[in-house]
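If you read the sequences in order, they're chains A and B. With the numbering used here applied, the first sequence closes on residue 408, and no number is skipped along the way. With the numbering used here applied, the second sequence closes on residue 1408, and no number is skipped along the way. Take a look at the structure set out below.
Number of protein chains: 2
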Amino acid sequence: MDKLQKYVKLIINVGVNIQKGQKLLIRCPVDCAYFARMAMEEAYAAGADDVLIQWGDEKSSRINYLMAPDSNFGKELEWEKARIQYLVDQGYNMLGVLAADPEILKGVDPERITKDQKVMATTMKPLMEKVSSSAIQWTLASVPNPAWARKVFPNAKSDEEAIGLMWDAIYAASRVDGKDPVENWKTHIATMQKKVDALMAHNFKHLRFKNAAGTDLEITLPEGHLWVACGEEAATGYNFIANIPTEEVFTAPLRTGTNGIVYSTKPLVFMGDIIDEFWIKFKDGKVTEFGAKQNEHLLDKVINTHPNADYLGEVALVPHSSPISQSGILWYNTLYDENASCHLALGKAYPYTVKGAVGKSDDELNAMGVNQSLAHTDFMMGSADMSIVGVTYDGKEIAVFTGGEWAI
Amino acid sequence: MDKLQKYVKLIINVGVNIQKGQKLLIRCPVDCAYFARMAMEEAYAAGADDVLIQWGDEKSSRINYLMAPDSNFGKELEWEKARIQYLVDQGYNMLGVLAADPEILKGVDPERITKDQKVMATTMKPLMEKVSSSAIQWTLASVPNPAWARKVFPNAKSDEEAIGLMWDAIYAASRVDGKDPVENWKTHIATMQKKVDALMAHNFKHLRFKNAAGTDLEITLPEGHLWVACGEEAATGYNFIANIPTEEVFTAPLRTGTNGIVYSTKPLVFMGDIIDEFWIKFKDGKVTEFGAKQNEHLLDKVINTHPNADYLGEVALVPHSSPISQSGILWYNTLYDENASCHLALGKAYPYTVKGAVGKSDDELNAMGVNQSLAHTDFMMGSADMSIVGVTYDGKEIAVFTGGEWAI
């Protein structure tokens, strides 16, 4: 069996973990239709009852953004809402295939994108609630396309060579190698679960981050915070892994509990552009000052477009030795880059990372210190010399990371 | 400007003839997404107000047919009906991009296909009514894919070579050459309109077909029959050309007025298989006997699956010198092959080919001699030696075709 076939099996049988009699929605760009078809076959082979493919195409979206009249944006469609409700009512699980050109939105009027995102958020809400509450099994899988592959491997001599290199990198990052990837993942999940157990046992009040890049940050964690790693159980009773690869152990910061300064260690791709070498200062959770050597005005958009995007919603720990970090590749793709580095997210916190938070309103969540926002933007701040110290409620200091690696 | 770009312009500006402020739905297979994107750009350049793409994929449909459980077929979806109604209410015009593998349904359970076709017919009905009554502008355009191209050019050494040959054939058949294709089409439309005018002036009662292949057939035409060629005016007030290329001049036979025998002169592709060298006998319009050297059992399905598929619904005249006939290519695609040869269709007649028929119920149409059926299957019977004699109401015999060419 070739690696592509193994990767598809991993996505279907471990990622979304589809079971006999279940339904599956595959969201896939038209340019990697072959991948959707392979996933469909694999899902039926696993006993799926129904597999639907919903096609997308960012290239024609770009044409729309550039050429359609203004009246074309911000329209809510009733039949589209009915479609989403149907998928929810029928209990479709979901595989999202990602094959984005990191620069596809370059030069597009941000107003139009914002209008579309708002419509999308409203329309997709019932399905996204099932996703974010783990009511269904779901996963995201990346597939290379020429634009992404050549951005990551600018020295490749052809699209084909770049895509070949990209696939090799994806297989390595996803632990698809000579051995059975399903077994590889069982071991990996068990290892990460041990870190979760240790962090939960210490029940830290603060985490203190320091490195030579200049980061000097204290993050207070809310009471009842829950550390989460790969492998969640859905309300269906089956486990799934939302992202393959995944190397992160994460939780929510206390909304008002971050103080100090953090320096980015990798570029942030935002609306087709790159924000690089930036820093952010926090006081009582809120961003008070920031700067960037590249595209500071876009960092301003990240922080100031949506309410509460100037508070943190996620803190994630990733060892510097993770295979993705070791690849030395800048992926221009958050799902990969975030697994190469400790990171923070500006904006929304996931309610399932705080005890008793699931099901509460946005106002209630903000009041209890679980930040809610339309935005959720990850940025990387890990490094080979990152030190993280955990402070317990009785004041004990415990090394969590030393020299960029787990110390716990 | 390259020929592909010229072809796209022809499809948008002559085929569907999109106007400033109009909306366009493009139905397109995922494997030729580039074509949909070019058409979208061209439509916006022509002033379109909104261009929607609806993707299809016969390869994943095939996987569904082969692997999904029975419960998956014959489901009517309310949201899908709401989507179609929305397109109708908003007045979307339509471009259908065709890129079919002629053998994609080979080996699929015909029960499943029939179930799906019934659901499709019900779901699409409001839109198809707009199409068949020319309430909107619409056109169909073919794009080569490897399966089709290699079937047509089995000696090509690669997919690329076959697709290149196929494009050349499509450009030639569509009159996309060194000159302005839009001008070429104006001339062509005027020529065909002259044939329509001559046929209308004679108002024939019968047409008698004879050739050396063995065809000896008399077709009675209904009172008030209308001859139709390319270039219709939609209810929008704008002309459109439903098929590019088009070489046929056609009308409806009287349901009960066909007698004699007809021999096929080209293979008929049906459900992925080929029916070849067949003949059909008619008595008072109804098929009484038939035979085929290849796949006679499939010819039986053509004639006996749907009620009234054993009566004729179309008679079409195409000169043997048409560019498509001269290409010498067997296209395995009705939209092309039907323009290479005089042909008949078993099943549904188009109400707009008989005066006073539009808007009548199926029962009323059948009673007035305009055959109605779920099926409409074209088959080719023209030849280089085809003779067609028209008989007027006062018994005069006039040569319509001699030696396969227009004589009128």
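We put the beta carbon where it would ideally sit given N, CA and C, even for glycine.
| Check | Outcome |
| --- | --- |
| Closer than 6 Å to a non-hydrogen atom of the ligand MG - does that hold for the CB of A/N17? | With respect to the ligand MG, the structure shown offers nothing to examine, as it has no ligands at all. |
| Below 8 Å, how does it come out for the region 92-102 of chain A and the region 32-51 of chain A: are there three or more Cβ pairs, yes or no? | yes |
| Answer with yes or no whether the minimum CB distance from A/N72 to chain B is below 7 Å. | yes |
| Give me the DSSP bridge partner(s) of B/D1282. | Checking the sequence shown, residue 1282 of chain B turns out to be Phe, not Asp. According to DSSP, B/F1282 bridges with B/G1260 and B/V1287. |
| Based on the DSSP secondary-structure assignment, which residues constitute the bridge partners of B/E1233? | B/N1239 |
| Whole angstroms are fine: how far does the CA of A/H320 sit from the CA of A/P267? | 17 Å |
| May I have a chain-ordered list of the alpha helix (DSSP H) segments no shorter than 4 residues that lie completely inside the region 283-351 of chain A? | 296-304, 323-326 and 334-337 |
| Figure out for me which residue from B/V1389, B/G1272 and B/T1187 has the closest Cα to the Cα of B/A1147. | B/G1272 |
| Once you ignore the five residues that flank B/K1281 on each side, which residues in its own chain have a CB closer than 6 Å to its CB? | I1261, T1288 and E1289 |
| Tell me which residues share the same chain as A/A375 and place their Cβ nearer than 6 Å to its Cβ, disregarding the 5 neighbours each side in the sequence. | H306, A309 and G347 |
| Let me make sure I understand the geometry here. Which of A/I275, A/K118, A/N259 and A/T258 has the alpha-carbon closest to that of A/T265? | A/I275 |
| When the Cα of B/P1126 is compared with those of B/Q1085, B/I1026, B/D1300 and B/Q1294, which residue comes out closest? | B/Q1085 |
| What are the boundary residues of the beta strand (DSSP E) that includes A/S387? | S387 to V391 |
| Measuring alpha carbon to alpha carbon, tell me which of A/A234, A/L298 and A/L221 ends up nearest A/G390. | A/L221 |
| At what residues does the beta strand (DSSP E) containing A/S142 begin and finish? | W138 to S142 |
| At a Cβ threshold of 7 Å, is B/S1060 touching chain A? | yes |
| Mapping DSSP to helix, strand and coil, what is B/E1405? | strand |
| Taking the alpha-carbon of B/K1293 as reference, which of B/A1135, B/E1277, B/D1362 and B/Q1005 has the nearest alpha-carbon? | B/E1277 |
| With 7 Å as the limit, tell me which residues of the region 1035-1048 of chain B have their beta carbon closer than that to any beta carbon of chain A; keep them in chain order. | A1036, R1037, M1040, E1041 and Y1044 |
| Check whether the region 175-184 of chain A and the region 359-375 of chain A are in contact - that is, three or more C-beta pairs closer than 8 Å. | no |
| CB-CB under 6 Å to A/T256, same chain, minus the five flanking residues each way: which ones, in chain order? | D284 and G285 |
| Could you name the residues of the region 79-107 of chain A whose beta carbon sits closer than 7 Å to any beta carbon of chain B, in the order they occur along the chain? | W79, A82, R83 and Y86 |
| Figure out for me which residue from A/M40, A/D168, A/N339 and A/T123 has the closest Cα to the Cα of A/A229. | A/N339 |
| Mind checking if B/W1138 is an interface residue toward chain A, Cβ cutoff 7 Å exclusive? | no |
| What would DSSP say about A/M94, mapped onto helix, strand or coil? | strand |
| Considering only their Cβ atoms, is the gap separating B/I1189 from B/L1207 smaller than 7 Å? | no |
| Within 7 Å of any Cβ in chain A, is that where the Cβ of B/V1030 sits? | yes |
| Could you give the DSSP three-state label for A/I219: helix, strand or coil? | strand |
| Thinking C-beta only, is B/M1124 closer than 7 Å to B/A1149? | no |
| With B/P1154 as the anchor, note down where its beta strand (DSSP E) starts and where it stops. | Careful: B/P1154 lies outside any beta strand (DSSP E) and carries neither H nor E. |
| DSSP beta-bridge partners for B/Q1054? | B/R1027 |
| Exposed or buried, which one is B/P1253 when buried takes at least 16 other CB atoms within 10 Å? | buried |
| Skipping 5 residues on each side, what residues in its chain have a beta carbon closer than 7 Å to that of A/A235? | S134 and A135 |
| With distance defined between alpha-carbon atoms, name the residue in B/W1227, B/A1162, B/G1328 and B/L1066 nearest to B/T1353. | B/W1227 |
| List, in order along the chain, the chain A residues whose C-beta lies closer than 7 Å to that of B/P1069? | D49 |
| Given that B/W1055 touches chain A, what residues does it touch there, using C-beta distances under 8 Å? | V30, W55 and D57 |
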